[in-house]
Every structure is written in C-alpha cells, then in structure tokens.
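Start counting the sequence shown at 965; every next residue gets the next number (this note's numbering).
We treat Cβ as the ideally placed atom computed from N, Cα and C, and that holds for glycine.
Quick caveat, the model's predicted, so the values are computed rather than measured.
See below for the structure under consideration.
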Amino acid sequence: MNTRIPALSVAASLALSLASVAHAQVSADVVKVGLLIDMSGSYSDLAGPGSVVAGRMAVEDFGGKVLGKPIELVVADSQNKADIASTKAREWFDTGNVDAILDLVPTNVALAVMDVAAQKNKIAVVVGSASTPITNEKCTPTSMHWMYDTYSSSIGVGRALAKKGNDSWFFITADYAFGKALEKDVSDVVTASGGKVVGAVRHPLNTQDFSSVLLQAQSSKAKVVGLANAGGDAVNAIKQASEFGLTRNQIVAPLLLFISDVHSLGLPASQGLFLTEGFYWDQNEQTRAWSKRFFEKHKRMPTMAQAGVYSAVTHYLKSVKAAGTDSTDAVLKKMRETPVHDVVIPNGKIREDGRLVHDMLLLQVKKPGESKAPWDYYHVRDVIPGDQAFKPLSQSTCPLVKK
C-alpha cells in the first residue's frame, strides 16, 4: 500500500534541512571577530579603546547575531610589536575560532598579521595603519585596507599648500615603514606640483624631544615642514614647533592628524592646520547622530580610524549574512562585490588590490573664536572624490592586479 506524504510536511522538512545547512556553515556555531589594537601606546588615542567601542556598536547594531548564530568580538593589545601581533593572530586563527582580524595599527603589526592571515586563509582588514605597501607590493588575497593611507592623507594637504605657492619642503619623518611611505607619497605630490624637497630627518617612534630635528628643519629654510608621523609623535612635534618659534616663519604641515590630536593640542596650538580625513563627526545629521551615541559610550568624538572599525565590522557582518556562511572565500567574494554603504562610508568600493576607495575630506582647523561647541574643530574646505583621493589602480604594484 502506497502512503502519500503530505506536501506541507515535505516543504517543512525541506525548510528545516536548509536551515540546518545554513547554520552548519558557521564555524564553531559563532561568528568571531578579533580586534588587534594599540590599547595603551602612541596610537591608543586614535584607535585603542575607542575602536573597541566602535566595534561593539557595529555588533549591537547588527542585532548581536548573524545567520542565527551569535557574534563575538575579542580584543587584544598588539603593543605595537609585530611578533606579539603575529603570535596572537596564529592563536586566534588556530584555536580561537576567529574568522577575521581588524584594525591592525601600526604598519609592522598590519603586515605581520596580513601574512599570517594569508597563510591561514583568513581575513585581515587593516583600518588604523596607513602605509601604501599594504595594497601594493605587500598586498595579499585575504586582506583589505579600509579607511585611509599615506597617499590619501598627503594628496589633499600637499596640493592645497602647493596651490598657495609653498613649493619647498623639509620632512620630519618617523623612522619606520609608515613614516617613510608618507614622506615618499607627499614628496611625489610636491614634485609633481613643481616644488622641491630640500631635506629630511628621521626620528624613532615615541620621540619626546624634537628640539634637534626642529633645529634642522628651521635651518633648511623650507617654506613647509612636513610631519610624516602620527599619534603622540605628531602631537609632540606640533607643540614643540610652536614653542620653538618655528611656526613664525615656516608652515608646519601634519600629514596624518586625527581629531583626537587636535583635541590634545587645543585650538590655539593647532588653528589653521590643514589635514585630510575620511570621516568627520559633524558632516551631516546621520554622522552627528551616530557620533553622539559613540560619545555617550566613550566621552570623546570618534577619530576616522575608530569610525572605520565600525564600518569595516559592519561590512564584514553584512557579507557573512549575504554569503550564508563565515567561510573565508565566500565572505571575501561578497565583501569585494558589494558596495560599502553605512553611516561612515556612504559610497565605497573595494578594488582588486584590497583598497577601499571612497571620498576624503580636506579640513582646516578652526580658530578658537570660530568654534561654537566642544569638538567643533574643522572647516570642511573640499571633498576629494575617491578616484582622486587614492593611488590609481594603474599605478599599483600589487601582484593581484591584472595589467
């Protein structure tokens, strides 16, 4: 005797089966994101605890789950050391069920973790580091560069000052990959604009006394003293340049400055400075609303690096959902083919070299009398379209780029 199985039961069984398959494709029944961050060193103000806040906000805004599975955010301090970062990355990938690692400041940490992620076929999203080799000769199939780089940071400031006839430059440069890359990118902009570089001096990370290098910059007679450094080094150099009297006859141009740095310096010391950023909290109603939420949690407005962590985590989770799995290859495919759209990056696209291309802002620090409220620090002088803000793909040395 034949027994007919009701169609409804078949459909229900099929739905349950498909749901089980989808759930089974989430490794260890959790989507786990790692943040490797400078939590207490030179870059902790621009990234650090604020990046953790931003990452948690992204998870919260996603509802805490994806594909029916919980999202977990784990955090470790890289201490700005490549060996510590790579060891932690291996541990997370091998035994910690971490699917992707983000932030990765400074450059030595970023490059070390990118290498481990490529070996393990895991995702690395660089947010807080700026060196262009990340998407050029050091690019990997599993890494992306999110918010800014030395090229995008230099292009706005370099061109703006060149247009005003400031055609001779001297560089004060952090003596590691990031600083050297920043100096090179700005030098290229200066020479392409008809200017010249008259000299440069290098300093180690976490320099406290800039008097000797400032004396060399002053002796150069260059119209512009470019600061190819960041974080505490940039803040110290700007403060001491003002105290040294350098700013009376020369323009001090910080080439990678964050709103946290301006806050530390104060408007009297930083007024008039030009800088390029990928996010400013006071851009529009959406950025103000999101930044107010961030401020309530962190008691400071977000830097572009911290905002970038929110954007990167959000896009990663969207891609996991779209892929129906946390499998690296499937998620990478979705990340690259899906436009980046969120409160931080409203219109972005990830290129084949891993570079996220989006608009950048040319900003100028307000005078004290122009600021109407706390953290009201910038005039937006220009919006630099993404295809102009980042190095053209035709100039890329990334081996993944088809020529």
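As assigned by DSSP and simplified to three states, the class of residue i
| i | result |
| --- | --- |
| lysine 1144 | helix |
| glutamine 989 | coil |
| phenylalanine 1222 | coil |
| arginine 1264 | coil |
| histidine 1322 | coil |
| serine 973 | Low local confidence applies: a pLDDT of 47 at serine 973 is under 50, so the model's placement there is unreliable, with the coordinate-based value given in what follows. Of the three classes helix, strand and coil, the one that applies to serine 973 here is helix, per DSSP. |
| leucine 1010 | coil |
| isoleucine 1314 | strand |
| valine 1307 | coil |
| alanine 1201 | helix |
| leucine 982 | Caution is warranted here: a pLDDT of 44 is assigned to leucine 982, below 50, making its placement in the model unreliable, and the coordinate value is therefore given only provisionally. If DSSP states are grouped into helix, strand and coil, leucine 982 belongs with the helices. |
| alanine 1337 | coil |
| arginine 968 | Low confidence applies to arginine 968: its pLDDT is 46, below 50, so where it sits in the model is not reliable, and the reading given next is rough at best. Here arginine 968 sits in coil by DSSP. |
| glycine 1288 | coil |
| glycine 1019 | helix |
| glycine 1005 | coil |
| phenylalanine 1354 | coil |
| threonine 1211 | helix |
| glutamine 1247 | coil |
| glutamate 1101 | coil |
Nearest residue (CA-CA) to residue i, options the options
| i | options | result |
| --- | --- | --- |
| proline 1369 | Thr1114, Ala1018, Val1295 | In this structure the chain extends from 965 to 1367, so residue 1369 is not present and cannot be described. |
| isoleucine 1202 | His1227, Ser1291, Lys1185, Ser1184 | His1227 |
| glycine 1210 | Leu1281, Gln1180, Ser1275 | Before going on, a small fix: residue 1210 reads as leucine here, not glycine. Leucine 1210 has its Cα closest to that of Gln1180, out of Leu1281, Gln1180, Ser1275. |
| methionine 1078 | Gln1204, Thr1106, Ser1093 | Thr1106 |
| glutamine 1003 | Val995, Gln1043, Arg1020 | At residue 1003 the sequence reads methionine, which differs from the glutamine that was named. The shortest C-alpha separation from methionine 1003 is found at Gln1043. |
| isoleucine 1048 | Val1030, Pro1070, Trp1245 | Pro1070 |
| proline 1266 | Lys1282, Gln1247, Val1284 | Gln1247 |
| arginine 1264 | Lys1033, Val1017, Tyr1112, Ala1156 | Val1017 |
| isoleucine 1223 | Val994, Phe1208, Ile1065, Lys1330 | Lys1330 |
| lysine 1261 | Leu1000, Pro1013, Gly1005, Ala992 | Pro1013 |
| tryptophan 1110 | Phe1174, Gly1350, Pro1034 | Gly1350 |
| alanine 1074 | Lys1086, Gly1092, Lys1366, Asn1061 | Gly1092 |
| serine 1132 | Thr1096, Val1089, Pro1168, Val1189 | Val1189 |
| glycine 1060 | Leu1357, Lys1086, Thr1155, Gln1359 | Lys1086 |
| alanine 1040 | Gly1318, Ala1022, Val1062, Leu1031 | Val1062 |
| serine 1184 | Asn1200, Asp1173, Gln1214 | Gln1214 |
| arginine 933 | Gly1158, Gly1333, Thr1096 | A question about residue 933 goes unanswered here, because the residues of the chain that appear run from 965 up to 1367. |
| arginine 1001 | Ser1176, Val1038, Phe1243 | The amino acid at residue 1001 is misidentified as arginine; the sequence shows isoleucine. Checking every option, the nearest Cα to that of isoleucine 1001 belongs to Val1038. |
| lysine 1084 | Arg1315, His1167, Ser1291 | Ser1291 |
| phenylalanine 1243 | Lys1336, Gly1019, Ser991, Met1324 | Met1324 |
| valine 1365 | Arg1315, Pro1332, Trp1339 | Arg1315 |
| glutamate 1249 | Glu1207, Lys1336, Pro1310 | Pro1310 |
| threonine 1155 | Phe1134, Ser1175, Pro1168 | Phe1134 |
| alanine 1286 | Thr1302, Arg1020, Ala1337 | Thr1302 |
| aspartate 1225 | Ile1065, Arg1252, Val1030, Tyr1342 | Tyr1342 |
| valine 994 | Leu1031, Ser1015, Lys1355, Gly1019 | Leu1031 |
| tyrosine 1274 | Ala1198, Thr1051, Ser991, Val1090 | Val1090 |
Those residues which DSSP pairs with residue i across a bridge
| i | result |
| --- | --- |
| arginine 1166 | Thr1137 |
| lysine 1160 | Ser1132 |
| histidine 1109 | Val1090, Arg1319 |
| glutamine 1328 | Phe1238, His1343 |
| threonine 1029 | Here residue 1029 turns out to be lysine, not threonine, going by the sequence shown. For lysine 1029, which the question treats as bridged, DSSP gives the partners Pro1034. |
| valine 1216 | Val1189 |
Where the alpha helix (DSSP H) containing residue i begins and where it ends
| i | result |
| --- | --- |
| aspartate 1346 | Taken as a continuous stretch (DSSP letters only), aspartate 1346 belongs to no alpha helix (DSSP H), being part of the beta strand (DSSP E) at 1342–1348. |
| glycine 998 | That residue, glycine 998, is in no alpha helix (DSSP H); its beta strand (DSSP E) goes 995–1001. |
| alanine 1194 | That residue, alanine 1194, is in no alpha helix (DSSP H); it is neither H nor E in DSSP. |
| leucine 1037 | Leucine 1037 -> not in any alpha helix (DSSP H); beta strand (DSSP E) instead, spanning 1033–1041. |
| phenylalanine 1057 | 1046–1059 |
| valine 1073 | 1071–1084 |
| glutamine 1180 | 1175–1183 |
| leucine 1125 | 1114–1127 |
| threonine 1292 | 1292–1301 |
The beta strand (DSSP E) enclosing residue i, as first and last residue numbers
| i | result |
| --- | --- |
| valine 1064 | Strictly speaking, residue 1064 in this sequence is alanine, with valine absent from that position. Element bounds for alanine 1064: 1064–1067. |
| threonine 1240 | 1238–1241 |
Sufficient close CB pairs (3 or more, under 8 angstroms) joining the segment 1026–1042 to the segment 1265–1272: No, the segment 1026–1042 does not touch the segment 1265–1272.
With a cut-off of 8 angstroms, do at least 3 Cβ pairs link the segment 1106–1126 to the segment 1237–1251? Result yes; three or more Cβ-Cβ pairs closer than 8 angstroms.
Does the segment 1155–1164 touch the segment 1097–1104, meaning 3 or more C-beta pairs lie closer than 8 angstroms? Touching, no.
The segment 1134–1145 / the segment 1187–1195 touching (three or more Cβ pairs under 8 angstroms): Three or more pairs of CB atoms, one per stretch, sit closer than 8 angstroms, so the segment 1134–1145 contacts the segment 1187–1195.
Does the segment 1079–1086 touch the segment 1007–1014, meaning 3 or more C-beta pairs lie closer than 8 angstroms? No: fewer than three Cβ pairs fall under 8 angstroms.
Touch check for the segment 1122–1134 and the segment 1149–1157: three-plus C-beta pairs under 8 angstroms? Flag = yes, the segment 1122–1134 and the segment 1149–1157 touch.
Is there contact here, the segment 1290–1307 with the segment 1336–1349, by at least three beta-carbon pairs under 8 angstroms? Contact fails between the segment 1290–1307 and the segment 1336–1349, because fewer than three Cβ pairs, one in each stretch, are under 8 angstroms apart.
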